[in-house]
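Take a look at the structure set out below.
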Amino acid sequence: MAVHRGLTADQRREQRRGQLIEAAFDTIAQHGVGNLRVRAVSARAGLNDRYFYESFRDCHELLIATFEDQFNRALTGIMATVAESPPELKRRVQAVLEFAFAFIDGDPRRPRLLIELQTAEALVDRRHEVIDVLTQVMIGQVRALLGEAAGTDDNVMMTALTVVGGLLELTTQWYRDQISVSRPQLIEFMTALVVTTTDITGALERQLAPRSRAGRRKNL
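Written out as structure tokens, the structure reads:
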């Protein structure tokens with residue numbers, strides 16, 4: 001394979017792809033996801049328009065690649081934090097939340113991407129994907145740390161889905177300056193919410209049990 005300036009053709013192609021993703025990230029941070037244009041992004045990346053199409057069919061595909069690049073980085077960090085944190089629910093939740101906020105704050109472009117995730121129609125499928133993935137992470141951790149005491153599979157799943165969706169919205173509102181508390185206060189509240197919610201699952205099951213028994217008797 002031919003080498004030019006120390007890079008193979010595949011390496012140069014991957015480098016150009018990375019430049020386009022970075023340029024798209026810059027554009028999203030400044031103007032939102034609705035302002036991605038092939039010519040503008042290519043120019044910002046310092047590339048001819050023709051190089052855009054060697055990696056992406058259109059700006060929507062570039063948008064998804066840009067988002068997934070950041071989400072994969074975040075998820076890798078979350079899982080590493082889980083692996084390194086103590087096997088105790090409150091401390092593990094707090095560690096993950098502290099990592100999440102540090103990750104978002106680690107690049108000034110990330111808060112805008114988070115806001116766009118919650119509000120932009122173009123990212124609605126990715127929003128569902130994020131919630132699904134994080135819900136599965138929470139279910140896995142609750143089961144690992146609490147076992148059967150966490151409740152039935154259905155109730156644990158619905159509780160995790162409710163909590164993840166709520167935390168994502170709460171975080172977004174905080175970055176939009178709609179919530180006027182400090183970051184430590186917010187993390188403390190979120191941690192308490194998650195820990196308390198795992199206790200609520202048992203109470204929910206006690207409330208739901210009479211109805212479930214009544215349903216079974218009716219079917220007999």
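Each residue of the sequence shown is one higher than the one before, starting from 1 at the first, in UniProt numbering.
Ideal Cβ positions, reconstructed from N, Cα and C, are used throughout, including at glycine.
Because the structure is a prediction, the values reported are computed rather than measured.
Check                                                                                                                            : Outcome
Cβ contact (3+ pairs, closer than 8 Å) linking the segment 39 to 51 and the segment 19 to 30                                     : yes
Distance CB(Thr191)-CB(Gln94) smaller than 8 Å                                                                                   : yes
Sequence-distant residues of its chain with Cβ nearer than 6 Å to Val120 (five each side left out)                               : The sequence shown places Ala at residue 120, rather than the Val named in the question. Taken in chain order, the residues that qualify are Val33.
Three-pair Cβ contact test at 8 Å for the segment 178 to 187 versus the segment 117 to 132                                       : no
The segment 156 to 168 / the segment 68 to 81 touching (three or more Cβ pairs under 8 Å)                                        : no
Contacts around Thr66, its chain only, beta-carbon distance under 6 Å, and the 5 residues preceding and following it disregarded : Ile21, Ala24, Phe25
Euclidean distance between Cα positions of Arg127 and Val133                                                                     : 10 Å
Contacting residues, own chain, Cβ-Cβ under 6 Å from Met1 (five flanking each side not counted)                                  : Interpretation of Met1 is limited by its pLDDT of 48, a score under 50 that renders its predicted location unreliable; the figure taken from the coordinates is listed afterwards. Here the set comprises Thr8.
Inter-residue Cα distance where the pair is Ile187 and Arg12                                                                     : 42 Å
Asp58 versus Ala80, Gln70, Arg39, Glu88, residue with shortest Cα-Cα distance                                                    : Arg39
Leu7 - DSSP class collapsed to helix/strand/coil                                                                                 : strand
Exposure of Gln185, with buried meaning 16 or more beta-carbon neighbours within 10 Å                                            : exposed
Whole alpha helix (DSSP H) elements within the segment 114 to 175, 4-residue minimum                                             : 124 to 146, 153 to 175
Distance CB(Gln141)-CB(Arg92) smaller than 8 Å                                                                                   : yes
Alpha carbon of Ala149 to alpha carbon of Ile104, nearest angstrom                                                               : 33 Å
Three-state secondary structure assigned by DSSP to Ile179                                                                       : coil
Same chain only: Cβ atoms within 6 Å of Arg50, ignoring 5 sequence neighbours per side                                           : none
Three-state secondary structure (DSSP) of Glu54                                                                                  : coil
Span separating the alpha-carbon of Leu145 from that of His31                                                                    : 43 Å
Proximity winner among Lys90, Arg110, Leu63, relative to Gln193 (alpha-carbon distances)                                         : The residue you asked about is not Gln; residue 193 is Leu in the sequence shown. Cα-wise, what sits closest to Leu193 is Lys90.
Three-state secondary structure assigned by DSSP to Arg37                                                                        : coil
CA-to-CA distance, Ile64 to Ile200, given in whole angstroms                                                                     : 36 Å
Residue burial classification, Arg213 (beta-carbon count within 10 angstroms, cutoff 16)                                         : Annotation note: pLDDT 49 at Arg213 (below 50); position unreliable, no value reported.
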